[in-house]
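A.B. asks:
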Amino acid sequence: MIKIYRKTAAIKAEKFDPENGVIPDGVFDKEFEYTTSDMLLQMMKSAETGVPIHNWYIKTLKGDLKVNPGDWIATGVNGEHWAIADEVFKKTYAELPVIPENVAYIIKQAKKGDYKLGWVFNATYLGLWRVSVGNWIRTHADTVARAWLDGYVVEEEK
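Numbered continuously in this note's numbering, the sequence shown closes out at residue 253.
(1) Please report how far the alpha carbon of Tyr-152 lies from the alpha carbon of Glu-143, in whole angstroms.
(2) How about Asp-159 and Asp-181: are their beta carbons less than 9 Å apart?
(3) Is the beta carbon of Glu-250 less than 9 Å from the beta carbon of Pro-164?
(4) Should the region 169 to 181 be called in touch with the region 107 to 115, which here means at least 3 C-beta pairs below 8 Å?
(5) Less than 9 Å between the beta carbons of Val-228 and Leu-191, yes or no?
(6) Tell me the DSSP secondary structure of Ala-185 in three-state form.
(7) Quick one: what's Lys-110 bridged to in DSSP?
(8) Going by C-alpha distance, which of Ala-189, Val-183, Lys-154 and Val-162 is nearest Glu-175?
(9) Taking the C-alpha atoms as reference points, what is the distance between Tyr-220 and Val-193?
(10) What are the start and end residues of each continuous alpha helix (DSSP H) run of 4 or more residues lying completely inside the region 201 to 233, in chain order?
(11) Which value, in whole angstroms, describes the spacing of the CA atoms of Ala-240 and Asn-173?
(12) If we count the other Cβ atoms within 10 Å of its Cβ and call it buried at 16 or more, is Ile-202 buried or exposed?
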């Protein structure tokens with residue numbers, strides 16, 4: 096019987112965009128090992144336009160892997176890299192929600208005290224926190240729930 100699974104780990108990823116100078120850690124320009132007719136055409140075009148050609152790769156646990164502009168380069172907890180095609184990345188991953196520091200503190204303390212998410216929402220109505228914090232939690236309930244379940248990024252000070 097087939098079961099449906101969801102990914103539970105957050106990853107760090109950066110979109111590979113060499114035209115705009117975004118070359119994530121681990122990506123390198125590898126020398127061509129052999130010449131093909133397509134390679135010769137690219138070299139001639141490069142000579143005419145002055146635009147260099149690249150042969151982008153990343154080192155993975157299974158060896159060097161070719162990457163293309165637009166791919167996402169993910170980095171695992173042990174520093175390992177892998178490439179994810181843009182269309183797959185967009186279907187599979189979403190950015191973690193951004194929440195204020197005081198809301199992050201509430202989530203952290205509630206989890207540390209083994210409270211449930213429902214308690215956090217209920218506490219906003221009981222007035223356990225400053226009005227501004229309670230109002231933020233109530234008006235961003237979906238974001239708070241996502242942050243509770245998936246993790247979050249603390250909002251930078253303005």
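The beta-carbon is built from N, C-alpha and C at its ideal position, and this holds for glycine as well. This one's a predicted model, so the numbers in the text were calculated from it and none came from an experiment.
C.D. replies: On the basis of the data shown:
(1) The count along the sequence shown starts at 1 and reaches residue 152 at position 57. The count along the sequence shown starts at 1 and reaches residue 143 at position 48. Those two C-alpha atoms are separated by around 25 Å.
(2) For the purposes of this step, residue 159 is taken as the residue at position 64 of the sequence shown. For the purposes of this step, residue 181 is taken as the residue at position 86 of the sequence shown. Against a cut-off of 9 Å, the Cβ pair of Asp-181 and Asp-159 comes out as no contact.
(3) The residue labelled residue 250 in the question sits at position 155 within the sequence shown. The residue labelled residue 164 in the question sits at position 69 within the sequence shown. No, the Cβ-Cβ distance between Glu-250 and Pro-164 is not below 9 Å.
(4) yes
(5) Taking the first residue of the sequence shown as 1, we reach residue 228 at position 133. Taking the first residue of the sequence shown as 1, we reach residue 191 at position 96. No, they are not a contact pair.
(6) Walking along the sequence shown from the start, residue 185 turns up at place 90. For the record, residue 185 in the displayed sequence is Lys; it is not Ala. In the structure shown, Lys-185 sits in a helix (DSSP, three-state: H, G or I).
(7) If you number the sequence shown from 1, residue 110 lands on position 15. Trp-167.
(8) Residue mapping note: residue 175 aligns to position 80 of the sequence shown, counting from 1. When only C-alpha atoms are compared, the closest one is Lys-154.
(9) What you label residue 220 is simply residue 125 of the sequence shown in a count that begins at 1. What you label residue 193 is simply residue 98 of the sequence shown in a count that begins at 1. Going by the C-alpha atoms only, they are around 22 Å apart.
(10) 212 to 221
(11) If you number the sequence shown from 1, residue 240 lands on position 145. If you number the sequence shown from 1, residue 173 lands on position 78. Using only the alpha carbons, I get a separation of about 28 Å.
(12) As a first step, residue 202 must be located in the sequence shown, where it is residue number 107. Answer is buried; the Cβ neighbour count reaches 16.
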